[in-house]
Each structure stands twice: as structure tokens, then as C-alpha cells.
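>
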Amino acid sequence: MYHSSTQRKRWTFCNGQQLERCREEANRNFHSKAAATGKVQQNDFRLLKPHEELAICKHYEKRLLDFCSVFKPAMPRSVVGTASMYFKRFYLNNSVMEYHPRIIMLTCVFLACKVDEFNVSSAQFVGNLRESPAGQEKALEQILEYELLLIQQLNFHLIVHNPYRPFEGFLIDLKTRYPVLENPEVLRKTADDFLSRVALTDAYLLFSPSQIALAAILSSGSRAGINMESYLSESLKLKEDRTTLAKLLDGMKCMSNLIRKYELPKSEEVVALKQKLEKCHSLDLLLSTNSKKRKGYEDDEYVAKKPKVDEVGKPIVLFFFFHSNCHDKSNTATETNFCTHSYSFLCCSGRIHISCT
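Those letters in the sequence shown? Residues 1 to 357, by full-length UniProt numbering.
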């Protein structure tokens, strides 16, 4: 359940200012580590500023969603949501100047496929990259090199609660308990659009999945000219609980504002920031970090294509090894045990090598 999950306890924040402070601290920490090498000053003009890092992250998160939207075979929305959440969480505490978002983006998707049990082979996965076989092999090598780092930086909190299941639950509830609305399915298309747009914002780090799902329903109803107040007050029994009702409506307004204010960086800005980012990586500022791993996958055009049908791949990871105390991965009380033991093996080039821990 979400309310006892690590997502609520560790990855849901009170306001946008908290997120801003996390990102500024990650940027400041990298500046300090870079200055310690003696190659640059603390506030060197060649280093990215927090707002520039955020713009880069926005660009690559959109690339992540685009990559997933044309992935073959079709990727479930829950996998896409999980990958997007991993990316958001990773760059709350890490700098794009230390870990290039090109490869982190793909690693997030790769890991999400495993955690959400989306059965796709490693060859199928990199086959969705517009690259030569050699380029695909190199991309897979780097993804596997970064995978454990990603898991560690997520603090082994790999279970993500997305708003898609609560959204379906609200639709079922409308059909069974709200006869005023004859066909709740008329809300689906606009609500789906709301969920797609809000996924680009920080809403997933600020609100619960059920809040986001309900906001999608209410927003869709509002745009269709349908008054949903009686559903909130009668069906959800919030008529007497004005505090909760006001909080829900405030949250909906906040999400709508996040969507309205959200802007992707302009193409010319992205080009300039990418050049600046590449210069940061070419300086090799962190001597303790493998430069090969920091540079990331070279090709920035992650437009998916159909995987080659004659290419037989080895499975990514199609099963998990459960700890005896954690029989249900949905049980967040034992989530850490589950994640630790699930990943107590080494995955190299699609092969699984068990290591005793």
C-alpha cells in the first residue's frame, strides 16, 4: 500500500521548494568535488548552474517518454511511469555533470522493465535504439555498468506506485456508485491526457497516486462541463470532511498550475546546454569516477525502431530470488529485503550469474 511505502516516506515531498533545495545541493556538491580536483574554481563558468541542470533533465525525461512510447513490444504504462520516477529520483541527488543523462535514461527504463516484470530480452531492448549492432552492444554494456549504481542511488527503493491503477479504480467506482454520470468512459481520453502531461512535472514527487488519479478525473469532468462535486461529497463521503475536501481541491489546482507552468527547454537552448555539458564531461573533473562510464552512450537520437526479428537475445531478468521473509513484493514493510536479495546477483551482457551474499 502507498501509505506505508518508501515512496510516501522517502520520495514524497511537501512542496516544490524542497525539491529545489535537493537539486541545488546536488549541483553544489558537484561544484565542490570538481573544485577539489584543482582543474576548476568553485563557481567556474564552464560548470552548469542548477536551472541549467533542470533544463537538461526535462529534455532527457521527455526523450525517455518518447523512447517508451514507440518501444516494441508495446510497453505498459506502469513501466513507463516507474522509469520516469527513477529518473526524477536519481537527479534529485545527483548531477548531470557527474552522470550523463543519456545513459541514465536508458538504465532507468531497463531497470523498470525488470522490476515491473515486463518480459523483454536485452537484445530486444537495445534493438529499439537506432544504432548499429556494435553501437547496441556498447549501449547495453554501459547500461549494465550503471544498473547497480542506479539501484544504490535509489536506496534500493524500487517499488513505484503509479496513478494508473487508482485511475481505473475511480472509473469503476463512477460506474457503480455514481449513476448521475451515465457513461464515465467519456472522461478517459481527457484524463489520460492529463496523466501524460502531469507526468512531465514534479507532481509524482509531491502527491500520492490516488490524488493524481482523482485530479485527472476531476479535470476531465471540468473540461467536459460535468459537475463532479456531488461525487466528492456523496460517493466519497467528503461532505462533512471539509478539510480533506479542501486539500483535494487545492492539490488539483496545484497540479493544474504545474502543468500550465511547465515548459520544455527550446531546441536552441538544449543545443547550447548539451555543448556545455559535454565540455564538463571532457574536463574529467572527478578522477574517482570512470570516465568511460561518465561519458555515457554517444548517440543522442533515441528514436525507437522495430527490433530485428532474427536477433535472438538473452533475457534481461525474468525472475526474482525472494528472501524467505519477503514472499510478497507489494509488502513494503519488507521492501528493502526484497530489493536487496532480488539484486544479489550479477547481470552481465544478459547472462545471469548468481553470487552468494
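C-beta: ideal position from N, C-alpha, C; glycine also. Just so we're clear, the structure is a prediction, and the values are computed from it rather than from any experiment.
Ignore the nearest five residues each way along the sequence and tell me which others in Ile143's own chain have a CB closer than 6 Å to its CB.
The sequence position of residue 143 within the sequence shown is 143, counting from 1. For Ile143, where only same-chain residues beyond five positions count, the Cβ hits under 6 Å are Leu106, Thr107 and Phe110.
> Could you tell me which uninterrupted alpha helix (DSSP H) segments, each at least 4 residues in length, are contained entirely in the region 178–254, listed from first to last along the chain?
Listed in chain order, they are 188–198 and 209–223.
> If you count every other CB in all the chains shown that lies within 10 Å of the CB of Met255, and 16 or more means buried, which is it?
Here residue 255 corresponds to residue number 255 of the sequence shown, with the count starting at 1. So Met255 ends up on the buried side.
> Strictly by DSSP, which residues pair up with Ser4?
Within the sequence shown, the letter at position 4 stands for residue 4. Ser4 is not bridged to any residue.
> Taking residue 432 as part of the alpha helix (DSSP H), name the residues at either end of that continuous run.
Nothing about residue 432 can be reported from this structure: the residues present for the chain run from 1 to 357 only.
> So, is Asn257 buried or exposed, given that buried needs 16 or more other C-beta atoms within 10 angstroms?
Working through the sequence shown from its first residue, we reach residue 257 at position 257. Classification for Asn257: exposed.
> When the Cα of Arg260 is compared with those of Met252, Gln42 and Lys88, which residue comes out closest?
Here residue 260 refers to the residue found at position 260 of the sequence shown. With distances taken between Cα atoms, Arg260 lies closest to Met252.
> Please work out which residues of its chain come closer than 6 Å, Cβ to Cβ, to Lys138, disregarding the five sequence neighbours upstream and downstream, and give them in chain order.
Start at 1 with the first residue of the sequence shown, and residue 138 comes out as number 138. For Lys138, where only same-chain residues beyond five positions count, there are no Cβ hits under 6 Å.
> Mind checking Thr243: buried by the 16 CB within 10 Å criterion, or exposed?
The residue given as residue 243 occupies position 243 in the sequence shown. So Thr243 ends up on the exposed side.
> Do Ala112 and Val70 have their beta-carbon atoms positioned less than 7 Å apart in this structure?
Translated into positions along the sequence shown, residue 70 becomes position 70. Translated into positions along the sequence shown, residue 112 becomes position 112. No, they are not a contact pair.
> Classify Phe170: buried if its beta carbon has 16 or more other beta carbons within 10 angstroms, exposed otherwise.
The residue labelled residue 170 in the question sits at position 170 within the sequence shown. Burial call: buried.
> Can you name, in chain order, every residue of its own chain whose Cβ lies under 7 Å from the Cβ of residue 370, other than the five neighbours on each side?
For the chain, the structure presents residues 1 to 357; residue 370 sits outside this window and is missing.
> I need the straight-line Cα distance from Phe118 to Ile217, nearest angstrom please.
Within the sequence shown, the letter at position 118 stands for residue 118. Within the sequence shown, the letter at position 217 stands for residue 217. Answer to the nearest angstrom: the Cα atoms are 27 Å apart.
> Starting from Ser256, follow its DSSP beta bridges and name the residues at the other end.
What you label residue 256 is simply residue 256 of the sequence shown in a count that begins at 1. Its beta-bridge partners do not exist; DSSP assigns none.
> With the cut-off set at 7 Å, would you say Leu92 and Cys14 are in Cβ contact?
Position 92 of the sequence shown holds residue 92. Position 14 of the sequence shown holds residue 14. Their beta carbons are not under 7 Å apart, which means Leu92 does not touch Cys14 by this criterion.
> Three or more C-beta pairs closer than 8 Å, one from the region 225–236 and one from the region 192–200: is that the case here?
Contact between the region 225–236 and the region 192–200 is absent, because fewer than three Cβ pairs lie under 8 Å.
> Are Ser220 and Ala191 close, meaning C-beta to C-beta below 7 Å?
For this step, residue 220 is matched to residue 220 along the sequence shown. For this step, residue 191 is matched to residue 191 along the sequence shown. Against a cut-off of 7 Å, the Cβ pair of Ala191 and Ser220 comes out as a contact.
> Could you check the C-alpha separation between Glu53 and Arg188 for me, to the nearest Å?
The residue given as residue 53 occupies position 53 in the sequence shown. The residue given as residue 188 occupies position 188 in the sequence shown. Near 34 Å, if we compare the C-alpha coordinates of Arg188 and Glu53.
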